[in-house]
Amino acid sequence: MKPETVINLLRGLAVLGILLVLAPFFCFVIDEREMGVVMRFGKPAREKVEPGVYYKLPFVETVRRLPKTRQFWGDSRRFLLPDLPTRDDKKIELIPWAMWQIDDAETGPTTFVQRLRTIENAEERVAQICRSAIRDVITQYDLAELVRSTNRTLTLSGDQQLLDDELAEVGESQAEQMLVELEEKSESNSKEILAGRSKILDQIKIEAQRRLASKDDQEGIGRGIRLIDIGISQIAFVDSVRIKTFDRWIAERESISARNVNEGERLKAAIINETNAEVQSIEGKGQQKASETKGQADADVIKSYAEAMNEVGEFYTFVRTLEAYEKAITKDSSLILTTDSEFFGLLKKLEPLKK
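In structure tokens:
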């Protein structure tokens, strides 16, 4: 290889190396998950929302990179909204959530940088607007409207699939607490649901979007972002109401339990009385049958004696007379009787022994 060629190659490599070193000062890359705002002396000059390689003036312009993806806020206890009154004076607490995104439409990123500057500021603005919208809308509806979407009667022993559908957006423990209260208040089940949870959430979303896009001095700072969706992950009574609710629930269940126990005791007594009556009836019938059997047996014995007496009556009389003689006449006995006395009738019938 000629020396000139080697020198040219080295020069080319040197130039390439210098360009690679200086490239970050002259250009920047935007990928598909982000967008950029070119800042000139700290002020937005232009924006790039499509992925690609773009140029900038070194030392004069800088690039602010903004996420193009959707951002999520809320859905944890630290975002809890306490002491929210419903139209029917129920104190509840809830955990909201929201999904938002920097608007990639024309001047969207530039407006974001001018008005909000950082993601943290934007999230705080979203939180303020969502909280105020939720609070203002919820106070217009009864508790039953917030946890139900249909007019079908809900009970704890009802269809599980219906409960899952009706309470998909509240936690299990909170849903059960709500159902306890709704079950205790019969009017909650009979009251017609005019809006329902889904429509209320839609109304909250529309109200929050309106406030976020408002151009007045108070809420116009929210421009440059758009609200995609908003919801409620958990609904619960405040502690004081929850304690009273469960105390009332326990009292009602204890009352039901007492009624069931009393009913059981009543049925027990009725069964025992019926059993005793049946036992007495059986014993009475048995005694009657035994008496009849004994009477029949005695009658049979008497009849047998009578028949025996008819058959061997003279012999029986003879034996009994001899027994009477034996007891009445001893060696020291002295009797004075007439010859026609019945007592010696047997002796008179005796004939002398013939020789």
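The numbering of the sequence shown is my numbering, which starts it at 19 and goes up by one. All C-beta atoms in this analysis are idealised placements derived from N, C-alpha and C, irrespective of residue type, glycine included. It should be emphasised that the depicted structure is a prediction, and the values quoted were computed from it without experimental measurement.
Looking at the backbone, the Cα of residue 294 and that of residue 270 are separated by about 36 Å.
Residues of the same chain with a CB within less than 8 Å of the CB of residue 77, apart from the 5 flanking positions on each side, are 43 in chain order. Taking the Cα of residue 225 as reference, the smallest distance to any Cα among 49, 156, 30 is reached at 156. Here residue 72 carries a strand assignment [DSSP, helix/strand/coil]. Straight-line spacing of the CA atoms in residue 256 and residue 263 works out to 10 Å. Taking 8 Å as the upper bound for CB-CB distance, residue 128 and residue 47 are not in contact here, some 20 Å apart.
In the three-state scheme derived from DSSP, where H, G and I count as helix and E and B as strand, residue 54 is classed as strand.
Shortest Cα-Cα distance from residue 160 to any of 141, 145, 107, 150 involves 107. With a beta-carbon spacing of about 5 Å, residue 242 and residue 133 fall inside the 8 Å limit used to define contacts. In this structure, the CA atom of residue 266 is about 17 Å from the CA atom of residue 110. By the 16-neighbour rule on beta-carbons within 10 angstroms, residue 222 is buried.
Linking residue 53 to residue 119 through their CA atoms gives a straight-line distance of about 12 Å.
In this structure residue 74 is buried. Its beta-carbon is surrounded by 16 or more other beta-carbon atoms within 10 angstroms. Here residue 69 has 48, 49, 50 as same chain residues with Cβ atoms under 6 Å from its own Cβ, once five neighbours each way along the sequence are excluded. Each residue's CA atom was taken as its position, placing residue 334 and residue 303 some 41 Å apart.
Separation of residue 57 and residue 80 (C-alpha to C-alpha, rounded to the nearest whole angstrom) is 5 Å.
In the three-state DSSP reduction, residue 136 falls in the coil class, being neither helix nor strand.
Note on residue 167: 16 or more other CB atoms within 10 angstroms of its CB, so buried under the neighbour-count rule.
Under the 10 Å beta carbon count, residue 66 is surrounded by 16 or more other beta carbons and is classified as buried. Scanning 96, 274, 112, 95 for the CA closest to the CA of residue 102 turns up 112. Counting every other CB atom within 10 Å of its CB across the protein chains shown gives residue 86 a total of 16 or more, marking it as buried.
Looking from the CA of residue 152, the closest CA among 344, 114, 286 belongs to 114.
Apart from the 5 residues on each side of it in sequence, residue 98 sits with its Cβ closer than 7 Å to the Cβ of 111, 113 in its chain, given in chain order. Separation of the CB atoms of residue 230 and residue 147 is rounded to 5 Å, and the pair is thereby assigned contact status at 8 Å. Taking a 10 Å sphere around the C-beta of residue 214, we find 16 or more other C-beta atoms and assign the residue as buried.
A residue is called buried once 16 or more other Cβ atoms fall within 10 Å of its Cβ, and residue 30, having fewer, is exposed.
The Cβ atoms of residue 91 and residue 116 lie closer than 7 Å to each other. The shortest C-alpha to C-alpha distance from residue 258 to any of 100, 244, 150, 125 is the one to 100. In the displayed model, residue 213 falls within coil according to three-state DSSP, outside both helix and strand.
Residue range 161 to 165 is occupied by the alpha helix (DSSP H) that includes residue 165, with no beta strand (DSSP E) assigned at that position. Residue 23 has its alpha-carbon roughly 14 Å from the corresponding atom of residue 32. Shown here, residue 123 sits in coil according to DSSP, grouped into three states, outside any helix or strand.
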